[in-house]
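Shown next, in structure tokens, is the structure this report addresses.
Numbering (my numbering), first residue to last: 10 to 242.
What follows is the structure, given as structure tokens:
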């Protein structure tokens with residue numbers, strides 16, 4: 010099997026997302042850049058960047074994809090109680106830079122981060138141009154959780170989430186789920202499975218299944234709201 014495609018640094022052209030390596034699973038291409046046009050081109054093909062500081066830009070289309078279908082989110086009884094009894098304030102696109110910065114902070118289980126300074130700058134530009142969005146969770150006027158990602162037609166391509174207090178990232182996911190239902194988004198792309206997402210109802214599907222659904226949904230026109238005032242959970 011051929012190796013990953015080396016992309017031109019100025020005018021990258023992505024290969025067929027099914028022409029990926031078996032090991033590591035889903036590595037499709039190396040190089041290119043993180044301009045708005047390049048990122049939108051990648052996302053429109055179901056491809057996403059994922060690499061660490063010191064590495065070249067790596068582009069992925071994994072053979073197994075984690076997704077959440079809006080209205081299939083799993084909300085436990087205890088989490089519903091937390092929703093009712095905690096004075097959360099939820100906003101969207103009010104603190105995108107702070108959210109991505111918090112997502113880039115080292116985690117307890119890892120000293121590194123894949124959200125590089127270059128990525129932060131590029132995704133903030135995507136947000137400014139109306140393609141990337143954040144959901145913020147506040148408690149006592151302090152940002153305690155949130156998530157961000159890129160909207161492509163009827164798909165929300167989730168990138169990362171964070172929380173500094175228990176359940177805050179789950180609250181952000183609940184509001185994302187309700188927003189998607191209200192606005193006609195039919196798929197939340199979680200990229201790769203992990204126990205946290207699976208506890209919320211994330212399913213795994215094959216690359217072929219994902220690309221088929223994605224090719225249909227990316228043609229939808231769904232408008233991201235300016236506020237979440239009309240969303241009830």
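We put the beta carbon where it would ideally sit given N, CA and C, even for glycine.
Can you tell me whether residue 239 is helix, strand or coil according to DSSP?
coil
Burial state of residue 198, where buried means 16 or more other Cβ atoms lie within 10 Å
Burial check for residue 198: the Cβ neighbour count within 10 Å reaches 16 or more, so the residue is buried.
From this set, 95, 110 and 55, which residue's C-alpha is nearest residue 196's C-alpha?
55
Beta-carbon proximity list for residue 79, same chain, < 7 Å, skipping 5 on both sides:
186, 189, 190, 194, 195 and 197
Backbone secondary structure at residue 140 - three-state DSSP:
Looking at residue 140 - three-state DSSP - the assignment turns out to be coil, as it is neither helix nor strand.
Per the DSSP calculation, residue 221 is bridged to which residue(s)?
In DSSP, residue 221 forms no bridge with anything.
Given 8 Å, three or more beta-carbon pairs between the segment 60-76 and the segment 211-230:
yes
On the DSSP bridge assignment, give the partners of residue 14 in chain order.
Note: residue 14 sits in a beta bridge opposite 38.
How is residue 133 classed by DSSP in three states: helix, strand or coil?
helix
Which residues bound the alpha helix (DSSP H) around residue 89?
86-94
Is the beta carbon of residue 180 less than 7 Å from the beta carbon of residue 153?
no
So for residue 105, helix, strand or coil by DSSP?
helix
Own chain residues within Cβ distance below 7 Å of residue 228, not counting five before or after:
162
My understanding is that residue 111 touches residue 57, with C-beta atoms under 8 Å, so please give their C-beta distance in whole angstroms.
About 20 Å; that fails the 8 Å criterion.
At what residues does the beta strand (DSSP E) containing residue 200 begin and finish?
From DSSP, the beta strand (DSSP E) with residue 200 extends over 196-200.
For the beta strand (DSSP E) holding residue 157, just list the boundary residues, first then last.
It spans 151-161 - the beta strand (DSSP E) in which residue 157 sits, taken as one unbroken run.
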